[in-house]
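Chemist:
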């Protein structure tokens, strides 16, 4: 009967151990991706017309303007929703009229900064 040298067995089990360890570490990365939503905060703002913080930001749409406004603050926009009621009266000559109401999702680290900008934190 032919025997396998100990060094060959050691190499085999070492490779098996590394492959098993690698597969477990890869599956752990998937959990981090799904848990990343817990690192996000949802904020809301209802502005007065002509006083939106993104008023001078570039963009053709409200979402583009908000995206560029946040980008200038070094904040990455993760989600955007315009929840302005459809039947709201708007006057472009008056700063008293309500402007758009939006919600955004950003990294939780930026909540304090955005509260200073007029946003409020929404509870899920």
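Residue numbers (the working numbering): 100 to 223.
Virtual Cβ for every residue (Gly too), placed ideally from N, Cα, C.
Count the other CB atoms within 10 Å of the CB of residue 198; is the residue buried (16 or more) or exposed (fewer)?
Modeler: buried
Chemist: By a C-beta neighbour count over all protein chains shown, 10 Å radius and 16 as the cutoff for buried, is residue 220 buried or exposed?
Modeler: exposed
Chemist: Round the Cβ separation of residue 202 and residue 141 to the nearest angstrom and send it over; I've been treating them as touching at under 8 angstroms.
Modeler: 6 angstroms
Chemist: State yes or no: is the C-beta of residue 166 within less than 9 angstroms of the C-beta of residue 152?
Modeler: Taking 9 angstroms as the Cβ cut-off, residue 166 and residue 152 do not qualify as a contacting pair.
Chemist: For residue 180, which three-state DSSP category applies?
Modeler: strand
Chemist: How big is the Cα-Cα spacing for residue 47 and residue 186?
Modeler: This structure gives no information on residue 47, because the portion of the chain shown stretches from 100 to 223.
Chemist: Decide if residue 164 is buried, meaning its Cβ has at least 16 other Cβ atoms within 10 Å, or exposed.
Modeler: buried
Chemist: Classify residue 206 as helix, strand or coil using the three-state DSSP reduction.
Modeler: strand
Chemist: Round the Cβ separation of residue 204 and residue 177 to the nearest angstrom and send it over; I've been treating them as touching at under 8 angstroms.
Modeler: 4 angstroms
Chemist: Taking the Cβ atom as the reference point for each residue, do residue 182 and residue 160 lie within a distance shorter than 9 angstroms?
Modeler: In this structure, residue 182 lies away from residue 160, with their beta-carbon atoms at least 9 angstroms apart.
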